[in-house]
Structure formats: C-alpha cells, structure tokens
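Read through the structure below, which is laid out as structure tokens, and then see the notes.
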Amino acid sequence: MKISARNILQGTITEIVEGATTSHVRIDIGGAVVTASITNEAVADLKLEKGKQAYAVVKASDVMVGID
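In this text, residue positions in the sequence shown follow UniProt numbering: the first is 1, and each later residue adds one.
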C-alpha cells in the first residue's frame, strides 16, 4: 500500500458498530483504541470483521495540542 499519509497505525479490529449509513470501526493499536467512521459500503468492500488486522490512516491538515 502506497499513500501520502505518514501517520499509519497498524492494529486489530476490536469492534464494528453499524449505523444506518456509517459504521464506527474500533482498532486496537497496542493498548490504545482508534475509532474510524466509515461508510457501511466501505466496511463491506474491505470485508472488515472483528479480529482482522487493519491500519488506521490519519491524514489531517491540523493537529491540536492540549494540556491539563
């Protein structure tokens, strides 16, 4: 897979919550969980299922920093 994004996090799908048109896919990336909102069609096309290895690809124009 070649893409321009540099933030690629490999992990395991732990849960897929399907809505009317959008699914929330939760990926465990080594103790932390990343949630992606993607179309139900994309879930079907990629044949995503719990336990399957997947990548969370983060492409953002801005990154915010916060402190306590």
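Every residue, glycine too, gets a C-beta built ideally from N, C-alpha and C. Being a predicted model, the structure only gives us computed values, none of them experimental.
- Straight-line spacing of the CA atoms in M1 and D68 works out to 38 Å.
- Counting the other CB atoms within 10 Å of its CB gives I8 a total below 16, which places it among the exposed residues.
- Each residue's CA atom was taken as its position, placing Q10 and K59 some 15 Å apart.
- Membership of V34 in the beta strand (DSSP E) is indicated by the continuous run V33 to T39.
- Uninterrupted alpha helix (DSSP H) stretches at least 4 residues long and entirely within the UniProt domain "Mop" (2 to 67) occur at 40 to 45, given in chain order.
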